Amino acid sequence: YTQTATKWNKRNLSWRVRTFPKDSHLGHDTIRALMFYALKVWSDITPLNFHEVRGDNADIQIDFSRADHHDGYPFDGPGGTVAHAFFPGDQHTAGDTHFDDDEYWTFRSADTHGMDLFAVAVHEFGHAIGLSHISTAESIMRPYFQGPVGDPLKYDLPYEDKVRIWQLYGVRESVSPTRALAGAKDVNTAEYPALPALSANHSSIQQRRDGPDRCNTLFDAVAQIRGEAFFFKGKYFWRLNRSKHLVSFQPAQIHRFWRGLPPNMDSVDAVYERATDHKIVFFKGSRYWVFKDNNVEEGYPRPLTDFSPSLESVDAAFYWVHDSKTYLFKDGLHWRFDENSRRMDLGYPKETTPWKGIPSSFDDAMRWLDGAIYFFKGKDYWKVTESSLEAVPGYPQSTARDWLACSEMQSDSSDMDNSKSKVQSRQGHHDLSRSGNGYEVCSCSA
Amino acid sequence: EEPNQTPEVIKDWLAKFGYLPPPDPVTGQLQTQEPLTKAVKAMQRFSGLEETGILDEATLTLMKTPRCSLPDLLELGKVRRKR
Chain C
158 YTQTATKWNK RNLSWRVRTF PKDSHLGHDT IRALMFYALK VWSDITPLNF HEVRGDNADI
218 QIDFSRADHH DGYPFDGPGG TVAHAFFPGD QHTAGDTHFD DDEYWTFRSA DTHGMDLFAV
278 AVHEFGHAIG LSHISTAESI MRPYFQGPVG DPLKYDLPYE DKVRIWQLYG VRESVSPTRA
338 LAGAKDVNTA EYPALPALSA NHSSIQQRRD GPDRCNTLFD AVAQIRGEAF FFKGKYFWRL
398 NRSKHLVSFQ PAQIHRFWRG LPPNMDSVDA VYERATDHKI VFFKGSRYWV FKDNNVEEGY
458 PRPLTDFSPS LESVDAAFYW VHDSKTYLFK DGLHWRFDEN SRRMDLGYPK ETTPWKGIPS
518 SFDDAMRWLD GAIYFFKGKD YWKVTESSLE AVPGYPQSTA RDWLACSEMQ SDSSDMDNSK
578 SKVQSRQGHH DLSRSGNGYE VCSCSA
Chain X
156 EEPNQTPEVI KDWLAKFGYL PPPDPVTGQL QTQEPLTKAV KAMQRFSGLE ETGILDEATL
216 TLMKTPRCSL PDLLELGKVR RKR
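First to last, the sequence lines map onto chains C and X. Per the working numbering, residue 158 is the first one in the first sequence, and the count goes up by one each step. Per the working numbering, residue 156 is the first one in the second sequence, and the count goes up by one each step.
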């Protein structure tokens, strides 16, 4: 996958942020500082010098743009393509770097749904000085966004990337290619732009001050979508990857991820992924929405009467592989829906479910990757294995403990449905079970 | 999948990132299975996935992962420009 390298003939390159994001919580100074540090990553090790300028003649013009911005690389809204940069050359766009203004750009955020601006900028500036994509997993030049890369002031390029840029521009005099770059990180940074520190009032945390406490809440809906588990509560949701690990302790906002739901919708009733086309169905009240990936389809919401005239709302919904049917639940009744014929099976609703040992009504259910069905009610869940129609002995168990990475001591609020409880900081959480003799022991839950 | 059942969005993705040349103007939109399979294999190889040529879940998941707009395979892009 090598190709002819393009590179700058000069070593002093100017840059400028020409347009800033329209609605970002990141201030202009923070964005400029992040660009400075992202460029510095490259100039620390190669004989390139970057300096910020005013005016329209900068070598590297940085823009935050939306949709088609007339450069042949239209952006596509949140997700998808998030940024690009032009390789060095004679054309007037050479070196220009564009970020999609529809992305939720973050900095030092625990929000895994945001795009870490520093990480993406380091990648794009790699293009702007001549590097193409590479498949090496550790490389910053891998085309896929792989999450934050840590503190911009301490970031060190992977060796693969260092070698590639050294091949283009050589090694900076102060750098030994065979030695770690400890010296380069110890220089006086007083002249460098300041970056806001990670603090308790960081924006991503501020947004969730009124969010629910995952360790002490009743979930509105639970669903397995694309092999990941989603726990919905109010306007928020938590996401667990295929290994059943929380992607983030911080809940994400439903409206930030699932695009097209009414802005005033403050919760969902049930969610499931359709087996026939892998579209995702959201239920709320007497209406439902169908999503293709995370965008709502045209023509929705639709009334629940599409499923059945007798269905007024839904508590729970899930697809059962065993009989290839979708089950919808409400107040102790359930309906069986055939996705292929798009019809309810005759004889429904019924009171008695095929599964024994589970509550007559529950909050939601999902099939997980182990083949079992999990039924959630209150703070508990029941497991029914693939080969059995009966709840596994020993259940119910704690949902917060087994799914949301909470210890018993974290479920310490007396309010069962405390959707307005403040977000607890899980770092350094006091573990009272090990407190004694005037000492307190702090533990981390992850 | 049969070639005519491969969603356009997949073909677009493969073409956009340099894995699949645009349809031949002489034959219009006709696209045989072979280049599609090759393109999927190339994408899987580049991405470190198992090289099957099949649009499995891991491949589709990666295709949905946020990414840079620039192509992964630039040589194909150059050929396209010459045309």
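Cβ coordinates follow ideal geometry from the N, Cα and C atoms, glycine included. Because the structure is a prediction, the values reported are computed rather than measured.
Contact criterion: CB-CB distance below 8 Å. Does residue i meet it with respect to chain X?
{"i": "residue 163/C", "result": "no"}
{"i": "residue 478/C", "result": "no"}
{"i": "residue 429/C", "result": "no"}
{"i": "residue 272/C", "result": "yes"}
{"i": "residue 289/C", "result": "yes"}
{"i": "residue 280/C", "result": "yes"}
{"i": "residue 450/C", "result": "yes"}
{"i": "residue 402/C", "result": "no"}
{"i": "residue 412/C", "result": "no"}
{"i": "residue 491/C", "result": "no"}
{"i": "residue 284/C", "result": "yes"}
{"i": "residue 160/C", "result": "Interpretation of residue 160/C is limited by its pLDDT of 46, a score under 50 that renders its predicted location unreliable; the figure taken from the coordinates is listed afterwards. Taking Cβ atoms only, chain X reaches closer than 8 Å to residue 160/C, which makes this a yes."}
Any beta carbon from chain D within less than 8 Å of residue i's own beta carbon?
{"i": "residue 225/C", "result": "Checking the listed chains, one finds no chain D in this structure; the protein chains it contains are C and X."}
Could you tell me which residues DSSP pairs with residue i in its beta bridges?
{"i": "residue 530/C", "result": "524/C, 541/C"}
{"i": "residue 188/X", "result": "Looking at the DSSP assignment, residue 188/X forms no beta bridge with any residue, so it has no partner."}
{"i": "residue 446/C", "result": "439/C"}
{"i": "residue 515/C", "result": "In DSSP, residue 515/C forms no bridge with anything."}
{"i": "residue 607/C", "result": "Because chain C spans 158 through 603 in this model, residue 607/C falls outside it and cannot be assessed."}
{"i": "residue 492/C", "result": "485/C"}
{"i": "residue 170/C", "result": "207/C"}
{"i": "residue 223/X", "result": "240/C"}
{"i": "residue 427/C", "result": "440/C"}
{"i": "residue 410/C", "result": "393/C"}
{"i": "residue 221/C", "result": "256/C"}
{"i": "residue 554/C", "result": "538/C"}
{"i": "residue 263/C", "result": "273/C"}
{"i": "residue 507/C", "result": "491/C"}
{"i": "residue 500/C", "result": "495/C"}
Around the C-beta of residue i, are 16 or more other C-beta atoms found within 10 angstroms, so that it is buried, or is it exposed?
{"i": "residue 290/C", "result": "buried"}
{"i": "residue 329/C", "result": "buried"}
{"i": "residue 579/C", "result": "Caution applies to residue 579/C, whose pLDDT of 29 falls short of 50 and renders its modelled position unreliable; the model cannot decide the point."}
{"i": "residue 163/X", "result": "exposed"}
{"i": "residue 321/C", "result": "buried"}
{"i": "residue 351/C", "result": "exposed"}
{"i": "residue 517/C", "result": "exposed"}
{"i": "residue 421/C", "result": "exposed"}
{"i": "residue 212/C", "result": "exposed"}
{"i": "residue 165/X", "result": "buried"}
{"i": "residue 202/X", "result": "buried"}
{"i": "residue 392/C", "result": "buried"}
{"i": "residue 174/C", "result": "buried"}
{"i": "residue 510/C", "result": "buried"}
{"i": "residue 471/C", "result": "buried"}
{"i": "residue 168/C", "result": "exposed"}
{"i": "residue 500/C", "result": "exposed"}
{"i": "residue 307/C", "result": "exposed"}
{"i": "residue 271/C", "result": "buried"}
{"i": "residue 461/C", "result": "buried"}
{"i": "residue 358/C", "result": "Any reading at residue 358/C must be qualified, since the residue scores a pLDDT of 36, below 50, and its modelled position is unreliable; no value is offered."}
{"i": "residue 304/C", "result": "exposed"}
{"i": "residue 254/C", "result": "buried"}
{"i": "residue 400/C", "result": "exposed"}
Throw me the rounded Cβ distance for the residue i and residue j pair, which I believe falls under 8 Å.
{"i": "residue 504/C", "j": "residue 539/C", "result": "The pair is not a contact, with the Cβ atoms about 25 Å apart (cut-off 8 Å)."}
{"i": "residue 522/C", "j": "residue 543/C", "result": "14 Å between Cβ atoms; not a contact."}
{"i": "residue 537/C", "j": "residue 550/C", "result": "That belief does not hold up - the Cβ atoms of residue 537/C and residue 550/C are roughly 15 Å apart, past 8 Å."}
{"i": "residue 376/C", "j": "residue 533/C", "result": "6 Å"}
{"i": "residue 302/C", "j": "residue 221/X", "result": "4 Å"}
{"i": "residue 244/C", "j": "residue 284/C", "result": "6 Å"}
{"i": "residue 561/C", "j": "residue 395/C", "result": "6 Å"}
Determine whether the Cβ of residue i lies closer than 8 Å to any Cβ atom of chain C.
{"i": "residue 227/X", "result": "yes"}
Consider the C-beta atom of residue i and the heavy atoms of the ligand PLP; say whether any pair is separated by less than 7 Å.
{"i": "residue 167/X", "result": "This structure simply doesn't include the ligand PLP, nor any ligand for that matter."}
Notebook entry, point to check: Which residues, in order along the stretch 190 to 224 of chain X, keep a beta-carbon less than 9 Å from a beta-carbon of chain C?
Noted result: 200, 201, 202, 203, 212, 215, 216, 217, 219, 220, 221, 222, 223, 224
Next item on the list: Give, in chain order, every residue of the stretch 220 to 254 of chain C whose Cβ lies closer than 8 Å to some Cβ of chain X.
Entry: 230, 232, 236, 237, 238, 239, 240, 241, 242
Item checked: Residues of the stretch 368 to 383 of chain C with Cβ closer than 9 Å to any Cβ of chain X, in chain order -> 383
Margin query: If the cut-off is 7 Å on Cβ atoms, which residues from the stretch 291 to 304 of chain C count as contacting chain X, listed in chain order?
Written below: 292, 294, 300, 301, 302
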